[in-house]
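Undergrad: Quick note on the working numbering: the sequence shown kicks off at 66 and runs consecutively.
No residue lacks a Cβ here, since even glycine has one placed at the ideal position from N, Cα and C.
A single structure is presented below for examination.
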Amino acid sequence: MTEALFLADLHSPQVGDTVTVDGDEGRHAAAVRRIRVGETIMVADGAGTGVRGEVTATDRASVTLEVAEVLTSPEAPIRYHAVQALAKGDRAELAVEMLTELGIDRIIPWQSSRSVVKWTHDREERQLGRWRTTAREATKQSRRLRVPIITSAMKTRELVELIPTMAVTFILHEGAELTLRHFDLPEEGDVLIIIGPEGGLTDEEVATFEAASAQQLLVSDGVLRTSTAGTVALAQLQAFQKRVSQPK
Numbered sequence: 066m067t068e069a070l071f072l073a074d075l076h077s078p079q080v081g082d083t084v085t086v087d088g089d090e091g092r093h094a095a096a097v098r099r100i101r102v103g104e105t106i107m108v109a110d111g112a113g114t115g116v117r118g119e120v121t122a123t124d125r126a127s128v129t130l131e132v133a134e135v136l137t138s139p140e141a142p143i144r145y146h147a148v149q150a151l152a153k154g155d156r157a158e159l160a161v162e163m164l165t166e167l168g169i170d171r172i173i174p175w176q177s178s179r180s181v182v183k184w185t186h187d188r189e190e191r192q193l194g195r196w197r198t199t200a201r202e203a204t205k206q207s208r209r210l211r212v213p214i215i216t217s218a219m220k221t222r223e224l225v226e227l228i229p230t231m232a233v234t235f236i237l238h239e240g241a242e243l244t245l246r247h248f249d250l251p252e253e254g255d256v257l258i259i260i261g262p263e264g265g266l267t268d269e270e271v272a273t274f275e276a277a278s279a280q281q282l283l284v285s286d287g288v289l290r291t292s293t294a295g296t297v298a299l300a301q302l303q304a305f306q307k308r309v310s311q312p313k
């Protein structure tokens, strides 16, 4: 059985050290997951470092383990970023969950023209908290050592300024004619995926992003929901990237 993963601060851990998970995460481990002495668990800092070891002590609000192995997840040469349009219901959070499970590096909320949901300042703080909690839980579920960055929401003009800093930017669009096999993917750098809302992107938004050097991309022969489109695109990109990165 795969060991449970918890998130906590780690400070240059070494084999033989003891690590204590406390606070809300410690209470969850001890009271909800009922972790017991003798079990093996993993602890990660969410930034690429983790440890594995046997639990040596527990109480109602914490668990302590002895480090048997130090784990690392180095930053990959390609970093994937997803611009996720705001969506009604739990669609956006489902997108965050699935993108995290696949290893997205950063998720950027976007108030698109056709987004039914509107974030006011007060609402944005609450919703960002939910997105970040979803990302943390999905990180633990998928046993990853890195929690994706969830930025503050961006406006279209801010995305236009972001696009030129990327190695390549793809606009997911059901009207696109080209699939990934038509593009030369970079071997390193940042790849940005723009995911529209349930109502789709407007022609003006597509034209604005294309003027900033983004390119339309087709990832399915059907129209995907906003909650699944980014996941399908990311999985395809990762598969094609492996081909690019393989020694010739």
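To the nearest angstrom, report how far apart T267 and V116 are at their CA atoms.
TA: Taking the sequence shown and counting its residues from 1, one reaches residue 267 at position 202. Taking the sequence shown and counting its residues from 1, one reaches residue 116 at position 51. Roughly 46 Å between the two C-alpha positions.
Undergrad: How far does the beta strand (DSSP E) with Q281 in it extend, from its first residue to its last?
TA: Here residue 281 is taken as the residue at index 216 of the sequence shown, counted from 1. Looking at the DSSP string, the run of the beta strand (DSSP E) that includes Q281 is Q280 to L282.
Undergrad: Within the continuous beta strand (DSSP E) that includes F235, where are the two ends?
TA: For the purposes of this step, residue 235 is taken as the residue at position 170 of the sequence shown. It spans V233 to L237 - the beta strand (DSSP E) in which F235 sits, taken as one unbroken run.
Undergrad: Do E90 and L72 have their C-beta atoms within less than 8 Å of each other?
TA: Translated into positions along the sequence shown, residue 90 becomes position 25. Translated into positions along the sequence shown, residue 72 becomes position 7. Taking 8 Å as the Cβ cut-off, E90 and L72 qualify as a contacting pair.
Undergrad: Reducing DSSP to helix, strand and coil, say where S292 ends up.
TA: For this step, residue 292 is matched to residue 227 along the sequence shown. Three-state DSSP puts S292 in a helix.
Undergrad: Extract the residue ranges of the alpha helix (DSSP H) inside the segment 97-176, only unbroken runs of 4 or more that lie entirely within it.
TA: 156-167
Undergrad: Quick one: grab the DSSP three-state call for T230.
TA: One-based indexing of the sequence shown puts residue 230 at position 165. Here DSSP, grouped into helix, strand and coil, assigns T230 to helix.
Undergrad: Specify, as a first and last residue, the run of the beta strand (DSSP E) that L193 falls within.
TA: By 1-based counting over the sequence shown, the position of residue 193 is 128. Per DSSP, L193 belongs to no beta strand (DSSP E); it is in the alpha helix (DSSP H), H186 to Q206.
Undergrad: In whole angstroms, what separates the C-alpha of Q280 from that of E131?
TA: On the sequence shown, residue 280 is found 215 positions in, with the first residue counted as 1. On the sequence shown, residue 131 is found 66 positions in, with the first residue counted as 1. Cα-Cα distance, rounded: 50 Å.
Undergrad: Note down, in chain order, each residue of its chain lying with its Cβ closer than 7 Å to the Cβ of A232, except the 5 sequence neighbours on either side.
TA: Walking along the sequence shown from the start, residue 232 turns up at place 167. Answer for A232: P251, G254, D255 and V256, listed in chain order.
Undergrad: Would you mind reading off the limits of the beta strand (DSSP E) that contains V212?
TA: Numbered from 1 along the sequence shown, position 147 holds the residue referred to as residue 212. That residue, V212, is in no beta strand (DSSP E); it is neither H nor E in DSSP.
Undergrad: Are G148 and V80 closer than 8 Å when you measure CB to CB?
TA: One-based indexing of the sequence shown puts residue 148 at position 83. One-based indexing of the sequence shown puts residue 80 at position 15. Before going on, a small fix: residue 148 reads as Val here, not Gly. Not a contact, by the Cβ cut-off of 8 Å.
Undergrad: Have a look at P262 and Q192 and give me their C-alpha separation to the nearest angstrom.
TA: Counting from 1 along the sequence shown, the entry for residue 262 is found at position 197. Counting from 1 along the sequence shown, the entry for residue 192 is found at position 127. Here the alpha carbons of Q192 and P262 stand approximately 16 Å from one another.
Undergrad: Taking its Cβ as the centre, do 16 or more other Cβ atoms sit within 10 Å of K220, making it buried, or is it exposed?
TA: In the sequence shown, counting from the first residue as 1, residue 220 sits at position 155. Result: exposed.
Undergrad: Counting along the chain, where does the beta strand (DSSP E) carrying D255 start and finish?
TA: Stepping through the sequence shown from its first residue, residue 255 is reached at position 190. Its beta strand (DSSP E) spans residues G254 to I260.
Undergrad: Just how far apart, CA to CA, sit K153 and V182?
TA: Here residue 153 refers to the residue found at position 88 of the sequence shown. Here residue 182 refers to the residue found at position 117 of the sequence shown. Cα to Cα, K153 sits roughly 6 Å from V182.
Undergrad: Quick one, are the C-beta atoms of L299 and I259 less than 8 Å apart?
TA: As a first step, residue 299 must be located in the sequence shown, where it is residue number 234. As a first step, residue 259 must be located in the sequence shown, where it is residue number 194. Contact flag unset, no.
Undergrad: Can you find the residues in the same chain that come closer than 7 Å, C-beta to C-beta, to E270, ignoring five residues on each side of it along the sequence?
TA: Indexing the sequence shown from 1 puts residue 270 at position 205. Correct list, in chain order: S177, S178 and T221.
Undergrad: Can you tell me whether V102 is buried or exposed, with buried defined as 16 or more other CB within 10 angstroms of its CB?
TA: Position 37 of the sequence shown holds residue 102. So V102 ends up on the exposed side.
Undergrad: Expressed to the nearest angstrom, what Euclidean distance is found between the alpha-carbon atoms of R246 and A218?
TA: Looking up residue 246 in the sequence shown gives position 181. Looking up residue 218 in the sequence shown gives position 153. If I take the Cα positions, the gap works out to 31 Å.
Undergrad: Hey, could you find the ends of the alpha helix (DSSP H) V271 is sitting in?
TA: Counting from one through the sequence shown, the residue named residue 271 turns up at place 206. Counting along the chain, the alpha helix (DSSP H) containing V271 begins and ends at D268 to A276.
Undergrad: Which residues does DSSP pair with T244 in a beta bridge?
TA: In the sequence shown, the residue the question calls residue 244 occupies position 179. According to DSSP, T244 bridges with nothing at all.
Undergrad: For the alpha helix (DSSP H) that contains D74, what are its first and last residues?
TA: Stepping through the sequence shown from its first residue, residue 74 is reached at position 9. First-last for D74: undefined, no H or E at that position.
Undergrad: Rounded to the nearest angstrom, what separates K307 and V120 at their Cα positions?
TA: Locating residue 307 in the sequence shown gives position 242, counting from the first residue. Locating residue 120 in the sequence shown gives position 55, counting from the first residue. In a straight line, the C-alpha of K307 is about 37 Å away from that of V120.
Undergrad: In this structure, how does DSSP classify V297 when only helix, strand and coil are distinguished?
TA: Walking along the sequence shown from the start, residue 297 turns up at place 232. Three-state DSSP puts V297 in a helix.
Undergrad: Could you check if P78 is buried or exposed, using at least 16 other CB atoms within 10 Å of its CB as the buried criterion?
TA: As a working mapping, residue 78 is identified with position 13 in the sequence shown. Classification for P78: buried.
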